[in-house]
Amino acid sequence: MPPRMVVRETLDDLAPDDPAAIRSRRDLVRVHRAMGTRAIMSRGWQNLFPPKSARVPLRILEIGAGDGSLLLGVARAMARHWPPVQLTLLDQQDIVSAATLAGYADLGWTAQVQVADVLTWALQTDPVAPDGSLPRCDLITTTLFLHHFEGPQLASLLAAVASRTDRFFACEPKRSPMSLLGSHLVGVIGANAETREDAVLSVRAGFRDDEITAAWSGAGDAWDTREFAAGMFSHCFSARRMEIA
1 MPPRMVVRET LDDLAPDDPA AIRSRRDLVR VHRAMGTRAI MSRGWQNLFP PKSARVPLRI
61 LEIGAGDGSL LLGVARAMAR HWPPVQLTLL DQQDIVSAAT LAGYADLGWT AQVQVADVLT
121 WALQTDPVAP DGSLPRCDLI TTTLFLHHFE GPQLASLLAA VASRTDRFFA CEPKRSPMSL
181 LGSHLVGVIG ANAETREDAV LSVRAGFRDD EITAAWSGAG DAWDTREFAA GMFSHCFSAR
241 RMEIA
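Counting from 1, one number per residue, gives the positions in the sequence shown under our numbering.
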């Protein structure tokens with residue numbers, strides 16, 4: 001496969017209420033179903049939290065959260081076996097519906113929306129706790145988001161993640177011939193023109209081998225990391241701070 005090629009996608013430039021953007025968000029539900037994203041994320045989270053290792057409530061941050069619906073599906077699959085969660089959904093647009101927030105509440109999860117550009121968030125200085133420590137999330141997670149970044153931006157984002165969490169899980173497009181073929185066929189599942197174009201761009205910007213690990217390397221050697229293919233179309237990265245493993 002050729003090297004990564006990051007190109008701005010159509011959805012990135014659409015207003016939240018643009019009919020094409022609304023259709024694209026609906027398309028993403030179908031895309032995630034085809035990719036098996038919910039099951040991949042559920043397994044990834046469970047592997048990062050050995051039994052009885054987590055404090056209550058868990059503090060989870062999703063970056064690039066979009067409308068929050070994908071993670072709600074993950075929460076519904078896991079809530080019965082998990083402790084309560086304080087969830088922050090970070091995105092540059094506030095498009096999480098009241099119904100989605102209510103869905104989290106029904107599961108015993110407390111969800112809030114944080115509107116910010118993720119690169120601005122990465123440069124912010126977090127407040128210091130009363131004991132002088134820097135408060136960290138139990139988990140930062142993201143889905144189909146890291147592939148929008150490359151080079152120094154990706155490294156800076158991952159460094160910010162590493163400084164603010166004990167665990168990290170990312171599910172990204174897999175850059176492979178099979179994924180590229182699949183991206184050209186998303187019209188079969190009813191995807192609109194914008195999604196059909198963006199799907200191809202996403203795969204070309206996706207990851208393979210140990211490319212995320214290489215960008216994460218600036219976090220130091222205090223981490224247990226794994227990078228792996230998941231299913232036919234996904235590529236995942238997980239990291240756990242060894243002191244809490």
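Cβ coordinates follow ideal geometry from the N, Cα and C atoms, glycine included.
By how many angstroms is the C-alpha of residue j removed from the C-alpha of residue i?
{"i": "glycine 132", "j": "threonine 120", "result": "For glycine 132, the predicted model reports a pLDDT of 47, less than 50, meaning its position is unreliable; a value from the coordinates is still stated below. Whole-angstrom Cα-Cα distance: 24 Å."}
{"i": "aspartate 166", "j": "valine 74", "result": "20 Å"}
{"i": "glutamate 243", "j": "threonine 100", "result": "35 Å"}
{"i": "valine 200", "j": "aspartate 12", "result": "15 Å"}
{"i": "threonine 10", "j": "aspartate 198", "result": "6 Å"}
{"i": "phenylalanine 233", "j": "histidine 147", "result": "14 Å"}
{"i": "lysine 174", "j": "isoleucine 60", "result": "25 Å"}
{"i": "serine 238", "j": "aspartate 221", "result": "14 Å"}
{"i": "methionine 5", "j": "alanine 193", "result": "21 Å"}
State the beta-bridge partners of residue i as determined by DSSP.
{"i": "glutamine 114", "result": "Leu90"}
Tell me whether the beta-carbon of residue i lies closer than 8 Å to the beta-carbon of residue j.
{"i": "aspartate 67", "j": "threonine 195", "result": "no"}
{"i": "tryptophan 45", "j": "alanine 79", "result": "no"}
{"i": "leucine 72", "j": "glycine 36", "result": "no"}
{"i": "valine 203", "j": "leucine 180", "result": "yes"}
{"i": "leucine 90", "j": "alanine 116", "result": "yes"}
{"i": "threonine 142", "j": "isoleucine 212", "result": "no"}
{"i": "leucine 87", "j": "alanine 122", "result": "no"}
Taking the continuous beta strand (DSSP E) assigned at residue i, which residues delimit it?
{"i": "glutamate 227", "result": "223 to 230"}
{"i": "leucine 58", "result": "58 to 63"}
{"i": "methionine 205", "result": "The amino acid at residue 205 is misidentified as methionine; the sequence shows alanine. First-last for alanine 205: undefined, no H or E at that position."}
{"i": "proline 173", "result": "167 to 173"}
What are the boundary residues of the alpha helix (DSSP H) that includes residue i?
{"i": "histidine 32", "result": "19 to 35"}
{"i": "leucine 14", "result": "That residue, leucine 14, is in no alpha helix (DSSP H); it is neither H nor E in DSSP."}
Evaluate contact between the segment 26 to 40 and the segment 182 to 195, counting only Cβ atoms and requiring at least three cross-stretch pairs below 8 Å. yes
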